[in-house]
Amino acid sequence: MVLVAGITACRGEGPAEEPVATDPLTASVDDPTSAAAATVDPASAIPDDFPLAADWPPRPGEPGYLGLQGPDRELPAIDHQPCDVVAADPAFRDRRRADWGDVEDDRSRQLTVYRSEQDAEEALQAIIEVYRHCPERFDGPSWVGYVLQQTSYGDASWSVTATETFDGYRTSYLGVRHLVRVGQAVLVTVDHNEGGFGPPGSLEENVARPVAEARDVIDAMCVFSTTGC
1 MVLVAGITAC RGEGPAEEPV ATDPLTASVD DPTSAAAATV DPASAIPDDF
51 PLAADWPPRP GEPGYLGLQG PDRELPAIDH QPCDVVAADP AFRDRRRADW
101 GDVEDDRSRQ LTVYRSEQDA EEALQAIIEV YRHCPERFDG PSWVGYVLQQ
151 TSYGDASWSV TATETFDGYR TSYLGVRHLV RVGQAVLVTV DHNEGGFGPP
201 GSLEENVARP VAEARDVIDA MCVFSTTGC
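FYI, in full-length UniProt numbering the residues of the sequence shown are 1 to 229.
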């Protein structure tokens with residue numbers, strides 16, 4: 001009995017622990033293999049089927065108006081020089097633009113892919129700065145004021161609203177620019193129309209409309225981000 005007890009004591013170190021399975025969905029983000037799997041190479045060129053003109057009218061413009069032009073790489077770049085100071089534009093990999101022209105309705109969208117997220121952010125901030133340092137512009141009896149507002153689209157975004165007075169009276173002119181960065185790409189939308197004067201709340205709605213219409217464009221910009229789509 002003593003011998004048996006001794007053998008039992010030698011063997012008895014408790015039951016072996018069973019291996020614990022790791023759930024890949026709840027694995028720590030500090031795991032380098034998980035982090036690598038979550039990172040993708042962003043696109044360096046704009047795909048041919050990128051929906052830059054999404055949600056614009058499918059019909060042609062009225063007689064004498066161009067309607068849809070592009071998207072293509074041949075249209076000139078959108079300029080940003082409210083006070084004759086051109087925004088700095090870092091070297092980029094690809095750029096496409098689309099325009100829509102109709103009666104009192106001019107729209108443009110430009111998508112630019114930069115070499116890095118830092119370059120894309122610098123391009124965005126450069127545009128913001130030229131408007132920040134030019135809050136108003138006078139041209140004879142015409143006065144145009146610019147209002148900057150940070151918005152919540154993509155990784156970073158701003159709106160620039162331009163309204164006009166003529167001889168001290170508010171006109172119906174409205175110019176709206178939306179700037180949206182996703183990863184290494186920056187989308188610029190520019191709209192000129194007669195939405196600057198109307199019932200209470202209409203100005204805010206008219207400012208928000210162009211970027212709301214561009215939601216499919218912004219969603220598709222995920223291909224230019226390291227997190228992918």
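Cβ atoms here follow ideal geometry from the backbone N, Cα and C, with glycine treated the same way.
For clarity, every value in this text was computed on a predicted model and none was experimentally measured.
Closer than 8 Å to a non-hydrogen atom of the ligand PLP - does that hold for the CB of V160? The ligand PLP is not part of this structure, which contains no ligands at all.
Among the residues of its own chain, which have a CB less than 7 Å from the CB of A156, if the five just before and after it don't count? E121, L124, R181, listed in sequence order.
Quick check: R170 and D55, are their CB atoms within less than 9 Å of each other? No, they are not a contact pair.
Looking only at its chain, what residues have a beta carbon closer than 7 Å to the beta carbon of V207, apart from the 5 residues adjacent to it on each side? Counting only Cβ-Cβ distances below 7 Å, and skipping sequence neighbours, we find S159, T161, V176.
Measure how close the beta-carbons of L174 and V188 come, nearest whole angstrom, since I'm counting them as under 8 Å. 17 Å between Cβ atoms; not a contact.
So, for T26: in the same chain, excluding its five sequence neighbours on each side, which residues have a beta-carbon less than 6 Å away from its beta-carbon? With a pLDDT of 43 at T26, under the threshold of 50, the modelled position of that residue is not reliable, and the figure given next carries that caveat. Counting only residues of its own chain and dropping the five nearest sequence neighbours on each side, T26 has no CB closer than 6 Å to any other CB.
Mind checking which residues open and close the beta strand (DSSP E) that includes E136? From DSSP, the beta strand (DSSP E) with E136 extends over 136-139.
Does the separation of the CB atoms of A212 and P51 fall below 9 Å? Not in contact: A212 and P51 (Cβ atoms no closer than 9 Å).
Decide if R59 is buried, meaning its Cβ has at least 16 other Cβ atoms within 10 Å, or exposed. When all chains shown are included, R59 counts as exposed.
Near G196, what residues of its chain come up, given a Cβ to Cβ distance below 6 Å and the 5 sequence neighbours on each side ignored? Result list for G196: T163, S172, Y173, L174, in chain order.
Could you give the first and the last residue of the continuous alpha helix (DSSP H) run that contains E104? Unbroken run through E104: none, as it is neither H nor E.
Please return the same chain residues whose Cβ sits closer than 8 Å to the Cβ of S202, not counting the five positions on each side in sequence. The beta carbon of S202 lies closer than 8 Å to those of G195 in the same chain, with the five residues before and after it left out.
From the DSSP output, in three-state form, read off D119 for me. It is helical.
Residues near T22 in its chain [Cβ-Cβ closer than 7 Å; skip 5 each side]: Per-residue confidence for T22 stands at a pLDDT of 47, beneath the threshold of 50, marking its modelled position as unreliable; the derived number appears in the next sentence. Closer than 7 Å at Cβ, skipping near neighbours: no residue.
Using the Cβ count rule (16 or more neighbours within 10 Å means buried), how would you classify residue 312? Past the boundaries of the shown model lies residue 312; the chain is included only from 1 to 229, so the question cannot be answered.
Check for me: the beta strand (DSSP E) holding R170 runs from which residue to which? Run containing R170: 169-182, per the beta strand (DSSP E) assignment.
How big is the Cα-Cα spacing for G102 and T39? One point to set straight first is that residue 102 is Asp, not Gly, in the sequence displayed. If you take the alpha carbons of D102 and T39, they lie about 43 Å apart.
Please work out which residues of its chain come closer than 6 Å, Cβ to Cβ, to V147, disregarding the five sequence neighbours upstream and downstream, and give them in chain order. By the criterion of a C-beta distance shorter than 6 Å, V147 is surrounded in its chain by T161, once the five residues flanking it on both sides are discounted.
Can you give the Cα-Cα distance for M192 and D119, rounded to whole angstroms? In the sequence as displayed, the identity of residue 192 is His instead of Met. So the alpha carbons of these two residues sit roughly 28 Å apart.
Along the chain, where does the beta strand (DSSP E) that runs through P71 open and close? Per DSSP, P71 belongs to the beta strand (DSSP E) from 67-72.
Spatial distance of P141 from S116 (CA atoms): Taking the straight line joining both Cα atoms gives about 43 Å.
Output the distance between the C-alpha atoms of A98 and G168, rounded to the nearest integer angstrom. In this structure, the straight-line span from the alpha carbon of A98 to that of G168 is close to 35 Å.
Buried or exposed, going by whether 16 or more other CB atoms sit within 10 Å of the CB of P42? With 16 or more other Cβ atoms inside 10 Å of its own Cβ, P42 counts as buried.
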